[in-house]
Amino acid sequence: MVANPKMNERENILGRIREALSVPAPVPGAHSGEPPHAVSECEAATHIPEWLPRVGSTFEERLALFRTNAAELKADFVLLDSPEELIAKLREIAAAESWKKVATHSNALTDGACDALDLPVLRTDNGYDPRDMETCDAGISACDALIAQTGSVLVTSQSAGGRALSVLPPHHVVLARREQLLADLPAAFALLKTKYAPGYPSLISFITGPSRTGDIERILVLGAHGPKKLTILCV
Amino acid sequence: MKITLFIPCFIDACFPKAGVSAVEILERLGHTIDYPKELTCCGQPAFNSGYWEESRTTAIKVLERLKATEVVVIVSGSCGAMIKNFYPELFAGTEHEEAARTLSAKVYEFSDFLVTKLGVTDLGAQFPHKVTFHDGCHGLRELGIKQQPRKLLSHVRGLELVEMGEVESCCGFGGTFSAKFPMISTAMGENKCGSALETGAEYIVSNDSSCLMHIQGLLDREGKPLRTIHLAEVLNHR
Amino acid sequence: MTPAASQFKKNAIALTADLRHRALIRTALKKYEVVRDDKVSRFQNWQSARQSAAEIKWDAVNHLDAHLIEFARNLEARGTQVHWASNAAQAREIIIGIIQERKAHSIIKSKVMTGEEIHLNEALEKAGFDVVESDLGEYIVQLRHEPPYHFVFPAMHLTRGEISDLFSKELGTASTDSPEELTMIARRVLRDKYIAADIGISGANFGIAETGMISITENEGNARLTCALPKVHIALMGIEKVLPKLEDLALFLPMLATAGAGQVMTGYNTLYGGPRQPGEADGPEAFHVVLLDNNRTQLLADPEQRDALHCIRCGACLNVCPIYKNIGGHAYGATYQGPIGAVITPHLRGLQQWKHLSFASSLCGACTQTCPVKINLHHHLLQSRRNAIAQKPVWWEKPLFQGLAFLFNHAGLFSLGMKLGRIGQVFYPLVKGTRLDPASAWTKSRELPKIAPQTFREWWQTRK
Ligand code: SF4
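Listed below in structure tokens is the structure:
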């Protein structure tokens, strides 16, 4: 039998790699003119939270940092005291932007909120037609976490109604709970592991602000391909 | 202290005042100067051009002559970096590797030597002019010299230092690069001169004569009144 | 001179003379430096972050075989098909094969630098497929039939006026000087393409061995849509992109954003671990990951420069490079521009053909200083010069440097040389600027320094 050619290329590449690696390379980063680094190789990774941007230890500090980051990113962040307030806020946005139809998915937070809108709703849970979603004014989704350090929203294909809901409609509204506010990126990756491993959703996305581009003269424009607006409502 | 002064080839030939000033300053501070006159060049031109073998021919002589010295001071960031940082690379895997490392440890660029090793910042100099300072890339990035010359300049009477825009960007000299790619080198130099002229300074001061040679060459061609001067000359001005 | 070298020189002459172009690039990159410095300062310790990143990459690259095996196994376990391509031709063949098997026709692409490397678009068009770039900058340069000008900011060399004219000509839209309106024109055109496309092709910024995922970093959401709507998603990825652990991204994502564009985080950082899984609302039916070698193993075999494979393609070294700022991205004639391009292109495409890029540097080291993964870029340029010369010295340079070495080792001769030089420079004006001028490369734009009336060694002699 002739060997599978695909397998051959795999072995060829791995073979070349092993041969190349038979000569060791010097440890990295020992540059001239730079102060020597105190942490040894195996330790470096465990110190990552200490190198990243600072986050306060209390909930209030994290909240304040998330708020600042969101503002800088031109995302709207609103902290609300009750589910009723959240519904009221959502209705207010819907009226202001004269939404005619929204897309969402089933979830404890989104269900009640979307029902209260009194608008036609497309639910992604059992599949949908992307052209239909194109006609929606907003995508309303839940999330896995909010990250204070970066102002990011963490979503997955499981937690946020699939892959397109959070990018196709022109306005993405995220509904979150206060407990979901995490300090930093390492905490977010730890959460993903405990929540999903090994059966990870096929998509995991850190959304940081509305869609943006600087491709024309490095001038910021929102809504390049994804949503022009990102609103985060947190109860 | 007995200080061995390494005078790079182009300072010896074209900019001797920088070397003379260094001698006078160090002697005034009470040190003895040893000038190894059998040395002329650190070997950088060949090294940068890819001719490491020819570079080693020159560099071995430097290694040998400077072996028995206490401390070596170089009036150029670029040649300083060559001996301090690039010799160990040049001689890596050869019998001279150890000697290159030993030498590396006792080599200082002039301003770094004054401030870090001797702890001197006020040399009693006087230079009543508005100046701007250009950081030679090798001194800045290979040797980490940024504050030392500024500390020294801050004690010069009458001197006003105005920092230029994009102060850390290269002047475009780059050794043989300036002849191999003169158009790029010149464009870089034009940017540098432009930033310096914008400050309204009368002088561009640097701890690297090779950069100054390039900058002065451009300024002269353009007929600009701005002058270049080595840091040691400013510090020796009374 | 090789064709690539003489083309580079020609480009450099033309582009450095274009003052408008130089000013455009400098202004664009000055904005970058301001925002980058701000974001760097938010790190508690940027230097330690760089060191950690370098160490993680070192581990990844120096155990590449093990990480790749783990990466492929984990991807396959969840229904992804992994393909291995030793070179560009194989990668193109694999990708075209997948598309043909699907009887597909229309393709939407999000930014894929490896795609540029293997000239994927040309191959797809030749095979009769309809390919559209979805990243705004890539879309613009595709309409202009140009390669990207910068591997992070592909259309940085164009003004809004030029883009408006381009859109008017190609899309028939009204002219406008608003970047916002121009962006919306592209948005409208491309929206339909996503929905109609059969195949989505993307690159990958990182591959996670531990979990079998690729990670894509983007701002526009175009990659998100490319990987959401079409029935098939193909990702083309260089073999060096693997990271050992999922949590490594906690460091790399903010560093890439900071170094690349002065952002805290890029707009969308997305991990793809397979095709649509049971119970998921949408996503492609099939997910293919094509792993590309294309001479990366050659670079891996050079331990001195192996760390060039640590590159996360943030583009920071281009943004701070004074050469790049004066000649721009197209002058290089290579897929990867700037300092990292000058380092890796000779490995990927041949040292003798591309060595000129390593000589076209003042070795200022701004690239090395800025690189988030601490690649010793300018030292690698020096090593490539050495390697190129050791293989093939320039016939007149070798004796010149031998002669100089002899001169430098004989101080007496050196002194004599200076004396002769002093006489020579009296007569030099006779040839200066003429064809006989031996220093014409210098004196075309600059005055030569003069040998002093009294050299340092002569002065020292007088003191004794
Ligand atoms: S070499 Fe370093 S700075 Fe340049 S693109 Fe790669 S990671 Fe960024």
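Each protein sequence line maps, in turn, to chains L, S and X. End of the first sequence sits at 257 in my numbering; the numbers just go up one at a time, nothing left out. End of the second sequence sits at 285 in my numbering; the numbers just go up one at a time, nothing left out. End of the third sequence sits at 553 in my numbering; the numbers just go up one at a time, nothing left out. Here a beta-carbon is modelled for each residue, glycine too, at the ideal position from N, C-alpha and C. Fair warning: this is a prediction, and the values are worked out from it, not measured in the lab.
CB contact flag (residue i, residue j, <7 Å)
| i | j | result |
| --- | --- | --- |
| S/D59 | X/F545 | yes |
| L/G161 | X/D371 | no |
| S/S225 | S/S232 | yes |
| X/S450 | X/L437 | no |
| L/A182 | L/C165 | yes |
| X/L213 | L/V189 | no |
| L/L102 | L/K111 | yes |
| X/A339 | L/L168 | no |
| X/P461 | X/A324 | no |
| X/M245 | X/A293 | no |
| L/R84 | L/A170 | yes |
| X/L519 | X/A528 | no |
| L/I238 | X/L271 | yes |
| X/L225 | L/A219 | no |
| S/V67 | X/W531 | no |
| L/L197 | L/L131 | yes |
| X/I416 | X/L380 | no |
Residue i versus residue j: straight-line alpha-carbon distance, rounded
| i | j | result |
| --- | --- | --- |
| L/A125 | X/Q366 | 21 Å |
| X/T91 | X/P411 | 24 Å |
| S/I130 | L/I241 | 45 Å |
| S/T87 | X/L502 | 10 Å |
| X/R475 | S/G236 | 26 Å |
| L/F258 | X/L335 | This structure does not reach residue 258 of chain L, given that chain L is present from 23 up to 257, and the question cannot be answered. |
| X/V432 | X/T359 | 29 Å |
| X/P268 | S/C126 | 48 Å |
| X/Y517 | S/T168 | 42 Å |
| L/E107 | X/G289 | 41 Å |
| X/K539 | X/P482 | 31 Å |
| X/Q543 | X/H239 | 50 Å |
| L/E56 | X/L389 | Annotation note: pLDDT 47 at L/E56 (below 50); position unreliable, no value reported. |
| L/Y150 | L/I226 | 20 Å |
| X/P237 | X/E144 | 31 Å |
| L/H59 | X/S257 | With a pLDDT of 43 at L/H59, under the threshold of 50, the predicted position of this residue should be treated as unreliable, and no value is reported. |
| X/R131 | X/A494 | 50 Å |
Contacts of residue i in chain X (Cβ-Cβ under 8 Å)
| i | result |
| --- | --- |
| S/S68 | In chain order: nothing, as chain X lies at least about 11 Å away. |
| L/L168 | Chain X residues near L/L168: none, gap ~13 Å exceeds 8 Å. |
| S/A219 | In the sequence on display, residue 219 of chain S carries Gly and not Ala. Going along chain X in sequence order, the residues near S/G219 (Cβ under 8 Å) are P411 and S451. |
Partner residues on chain S for residue i, Cβ-Cβ distance less than 7 Å
| i | result |
| --- | --- |
| X/Q387 | Simply none; closest approach about 20 Å. |
Within chain S, partners of residue i - CB distance below 8 Å
| i | result |
| --- | --- |
| X/P435 | Within chain S, no residue comes near X/P435; the closest Cβ sits about 12 Å away, beyond 8 Å. |
| X/T105 | M230, I231, T233 and A234 |
Nearest-angstrom beta carbon gap, residue j and residue i [assumed within contact, 8 Å]
| i | j | result |
| --- | --- | --- |
| X/S624 | X/A93 | Because chain X in this structure spans residues 90 to 553, residue 624 of chain X falls outside the shown range and cannot be described. |
| X/M344 | L/S174 | The Cβ separation is near 15 Å, so there is no contact. |
| X/I197 | X/P319 | 6 Å |
| X/S473 | X/P435 | 6 Å |
| X/G351 | X/V171 | With a Cβ gap of about 35 Å, X/G351 and X/V171 do not count as contacting. |
| X/L209 | X/R191 | Incorrect: roughly 17 Å between the Cβ atoms, too far for contact. |
| L/H193 | L/E72 | Their Cβ separation, rounded to whole angstroms, is 37 Å, which puts L/H193 and L/E72 out of contact at 8 Å. |
Residue i: contacting residues in chain L (beta-carbon distance under 8 Å)
| i | result |
| --- | --- |
| X/I328 | I35 and I39 |
| X/R438 | Residues of chain L passing the Cβ test: none, with the nearest at roughly 17 Å. |
Per-residue contacts from residue i into chain X (C-beta, under 7 Å)
| i | result |
| --- | --- |
| L/E31 | W173, A174, S175 and Q179 |
| S/E189 | G454 |
| L/T235 | L225, T272, N308 and E309 |
Contact list for residue i against chain X, beta-carbon separation under 9 Å
| i | result |
| --- | --- |
| L/V196 | Residues of chain X passing the Cβ test: none, with the nearest at roughly 14 Å. |
Cross-chain neighbours of residue i in chain L, by beta carbon under 9 Å
| i | result |
| --- | --- |
| X/E122 | Neighbours of X/E122 on chain L: none; closest Cβ ~12 Å, over 9 Å. |
Listed by chain order, chain S residues near residue i by CB distance under 9 Å
| i | result |
| --- | --- |
| X/K487 | Y98 and E101 |
Residue-chain proximity (residue i, chain B), Cβ-Cβ < 7 Å
| i | result |
| --- | --- |
| X/E369 | Protein chains in the displayed structure are L, S and X, and chain B is not among them. |
Where residue i meets chain L, residues with beta-carbon distance less than 7 Å
| i | result |
| --- | --- |
| X/Y361 | S224 and L225 |
Please identify, using Cβ separations under 8 Å, the residues of the region 233-264 of chain S that lie next to chain X, in order along the chain. T233, A234, M235, G236, N238, M260, H261, Q263 and G264
Chain S contacts made by the region 242-275 of chain X, where a contact means CB separation under 7 Å: none
Short-range partners of chain X found in the region 77-95 of chain S, where Cβ spacing is below 8 Å: Closer than 8 Å at the C-beta level to chain X, one finds these residues of the region 77-95 of chain S: Y82, K84, E85, L86, T87, C88, G90, P92, A93, F94 and N95.
Near-chain S residues of the region 443-464 of chain X - C-beta to any C-beta below 8 Å: The residues in question are F448, A449, S450, S451, L452, C453, G454, A455, T457 and Q458.
Near-chain X residues of the region 104-124 of chain S - C-beta to any C-beta below 7 Å: Going along the region 104-124 of chain S in chain order, one finds T104, T105 and K108 with a Cβ nearer than 7 Å to chain X.
If the cut-off is 8 Å on Cβ atoms, which residues from the region 141-174 of chain S count as contacting chain X, listed in chain order? none
Report the residues of the region 133-163 of chain L with a CB closer than 8 Å to any CB of chain X, ordered along the chain. Listed by position, the residues of the region 133-163 of chain L near chain X (Cβ gap below 8 Å) are T146, D147, N148, G149, Y150, P152, R153 and E156.
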